[in-house]
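Here the numbering used here is used: the first residue of the sequence shown is 77, the next is one more, and so on.
Where a beta carbon is used, it is the ideal one built from N, C-alpha and C, also for glycine.
Predicted, not measured: the structure shown is a model, and the values here were computed from it.
First comes the structure, then the notes that go with it.
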Amino acid sequence: MSRDYFGSLASPVETAEIKKDERNMATEGPAVRRVQVAEHPRLLKLKGMFNSKFGSVPKFYVRAPGRVNIIGEHIDYCGYSVLPMAVEQDMLIAVEPVKTHILQLANTNPLYPDFSTSANNIQIDKTKPLWHNYFLCGFKGIQVELAEICAKSEHYTGTEGGGMDQSISFLAEEGTAKLIEFSPLRATDVKLPSGAVFVIANSCVEMNKAATSHFNIRVMECRLAAKLLAKHKCLPWEEVLRLEEVQAKLGVSLEEMLLITEDTLHSEPYSPEEICRCLGISLQELKTQILSPNTQDVLTFKLYQRAKHVYSEAARVLQFKKICEEAPDNTVQLLGELMNQSHVSCRDMYECSCPELDQLVDICRKFGAQGSRLTGAGWGGCTVSIVPADKLSSFLANVHEAYYQRSNRSLVPEKQSLFATKPGGGALVFLEA
Numbered sequence: 077m078s079r080d081y082f083g084s085l086a087s088p089v090e091t092a093e094i095k096k097d098e099r100n101m102a103t104e105g106p107a108v109r110r111v112q113v114a115e116h117p118r119l120l121k122l123k124g125m126f127n128s129k130f131g132s133v134p135k136f137y138v139r140a141p142g143r144v145n146i147i148g149e150h151i152d153y154c155g156y157s158v159l160p161m162a163v164e165q166d167m168l169i170a171v172e173p174v175k176t177h178i179l180q181l182a183n184t185n186p187l188y189p190d191f192s193t194s195a196n197n198i199q200i201d202k203t204k205p206l207w208h209n210y211f212l213c214g215f216k217g218i219q220v221e222l223a224e225i226c227a228k229s230e231h232y233t234g235t236e237g238g239g240m241d242q243s244i245s246f247l248a249e250e251g252t253a254k255l256i257e258f259s260p261l262r263a264t265d266v267k268l269p270s271g272a273v274f275v276i277a278n279s280c281v282e283m284n285k286a287a288t289s290h291f292n293i294r295v296m297e298c299r300l301a302a303k304l305l306a307k308h309k310c311l312p313w314e315e316v317l318r319l320e321e322v323q324a325k326l327g328v329s330l331e332e333m334l335l336i337t338e339d340t341l342h343s344e345p346y347s348p349e350e351i352c353r354c355l356g357i358s359l360q361e362l363k364t365q366i367l368s369p370n371t372q373d374v375l376t377f378k379l380y381q382r383a384k385h386v387y388s389e390a391a392r393v394l395q396f397k398k399i400c401e402e403a404p405d406n407t408v409q410l411l412g413e414l415m416n417q418s419h420v421s422c423r424d425m426y427e428c429s430c431p432e433l434d435q436l437v438d439i440c441r442k443f444g445a446q447g448s449r450l451t452g453a454g455w456g457g458c459t460v461s462i463v464p465a466d467k468l469s470s471f472l473a474n475v476h477e478a479y480y481q482r483s484n485r486s487l488v489p490e491k492q493s494l495f496a497t498k499p500g501g502g503a504l505v506f507l508e509a
């Protein structure tokens, strides 16, 4: 079917070399552009490695941008808007269609072994964080609408995600963040303040959400909270899957949903038996009709905490967008406060942080960030901070010394562990001219 060679993450400098030819090309899907490969060092290097590996040259190349969620964590799969942006750093893939039914995948990083399989018998191991799984899950979902199916395709890896990463990858435009809304999928430009930059910092703690149960348990806790809230309000709870649906059916504000959560759910963890009593169903019905296979053995569910986070975080996203639109004199300060509140909620109510992320957030705030929070699924990964532009140089130097050098976390290349970025373009397909 195809031979594919995955390139490495680009630094901001390397990306800029390609982006000179990419401006204004990302619209509502992967744009296609003809390029002189010889003029782009990364593409030329990838072409040479592809030829050495397979004995042929790529038919086309694909660029997928990195993404960062500025605010709106763990609420996309609950039906709420999020506010991400694509970043300048990206991934390149070289592709050659072939006439066999064999998929051949290779990575420029020797740490990741080559992989091949029959396209007619794709098996995805959901228990192991294998690098090629995300390519395989995309291949399995290729028959339907691209942006929406990419969100559904991720489920093949065992992760019940909501679609934010896939959506911003396709819908991103250079120079602007996006408010991503779902059902139907749509994107609205959000102009970020010019007096600040966003800085990504890697905690150096790895967490593969497809290989652990943390993420899927949170998804299920939100689903159960939605059903209990719907039942309490005499709504058809059997049909409800997301917390946003409860709000929509009741026709109330997010602030009112927070009050309803306070009145309806208790802060102590729920046992499966208590959930069954609340819904009037059997334990067998709970396991087979509501819980996902990898959450059927969970002993307790924190419904109150998860619902509180989701409704408050959804409100913060809308407040963030409003502040960006109104652009008061203290815009950066106000946005930073919302980001700080988001991290506290992720840490205390959603419990998706870790000690290293909390330490990194504290260090970022100490050295000049107006706001800092974990970004992504959590339990490791990165933070995103909003930093006044005139403090950027000292901020980067101080954070690098305080977090990476003092703690001997310098194994990750500096340009990949701590960097400033700005909104980049979306997915692209390059054809050699």
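According to DSSP, simplified to helix, strand and coil, what is residue i?
| i | result |
| --- | --- |
| Gly-214 | helix |
| Thr-193 | strand |
| Arg-118 | helix |
| Ile-51 | An answer regarding residue 51 cannot be provided, because it is not within the stretch 77 to 509 covered by the chain. |
| Pro-499 | coil |
| Gln-365 | helix |
| Phe-126 | helix |
| Tyr-387 | helix |
| Ala-478 | helix |
Given a cut-off of 8 Å, decide if residue j and residue i are closer than it, judged by their beta-carbon atoms.
| i | j | result |
| --- | --- | --- |
| Thr-340 | Leu-305 | yes |
| Arg-109 | Phe-495 | no |
| Ala-272 | Val-463 | yes |
| Thr-376 | Ser-347 | yes |
| Leu-525 | Asp-190 | The structure shown does not extend to residue 525, since the chain is modelled only from 77 to 509, so the question has no answer here. |
| Lys-254 | Leu-247 | yes |
| Ile-276 | Val-460 | yes |
| Arg-318 | Gly-155 | yes |
| Ile-293 | Val-374 | yes |
| Gly-501 | Ala-263 | no |
| Leu-34 | Leu-159 | The structure shown has nothing for residue 34, since the chain only spans 77 to 509. |
To which residues of the same chain is residue i closer than 7 Å at the C-beta, ignoring the five residues directly before and after it?
| i | result |
| --- | --- |
| Val-316 | Ala-302, Lys-303, Ala-306, Val-322 |
| Thr-252 | Asp-265, Val-266, Lys-267, Pro-499 |
| Trp-207 | Asn-183, Tyr-188 |
| Glu-361 | none |
| Asn-196 | His-177 |
So, is residue i buried or exposed, given that buried needs 16 or more other C-beta atoms within 10 angstroms?
| i | result |
| --- | --- |
| Asn-278 | buried |
| Val-220 | exposed |
| Thr-497 | buried |
| Cys-280 | buried |
| Gln-165 | buried |
| Cys-422 | buried |
| Cys-310 | exposed |
| Leu-504 | buried |
| Val-393 | buried |
| Glu-401 | exposed |
Using a Cβ-Cβ cut-off of 6 Å (strictly less than) and excluding sequence neighbours within five positions of residue i, which residues of its own chain qualify?
| i | result |
| --- | --- |
| Arg-449 | Met-415, Ser-418, His-419 |
| Glu-508 | Val-113 |
| Asn-370 | Ser-289, Asn-292 |
Would you say residue i lies against chain C (beta-carbon separation less than 8 Å)?
| i | result |
| --- | --- |
| Ser-493 | In the structure shown, chain C cannot be found, because there is only a single protein chain. |
Is the segment 370-388 in contact with the segment 138-148, if contact means three or more CB pairs nearer than 8 Å? Touching, no, given that fewer than three Cβ pairs across the two stretches are closer than 8 Å.
Using 8 Å as the threshold, is the segment 450-460 in touch with the segment 427-434, meaning 3 or more CB pairs across them? As far as the Cβ criterion goes, the segment 450-460 touches the segment 427-434, which means the pair count is three or higher.
Three-pair Cβ contact test at 8 Å for the segment 161-177 versus the segment 128-135: Yes, they touch.
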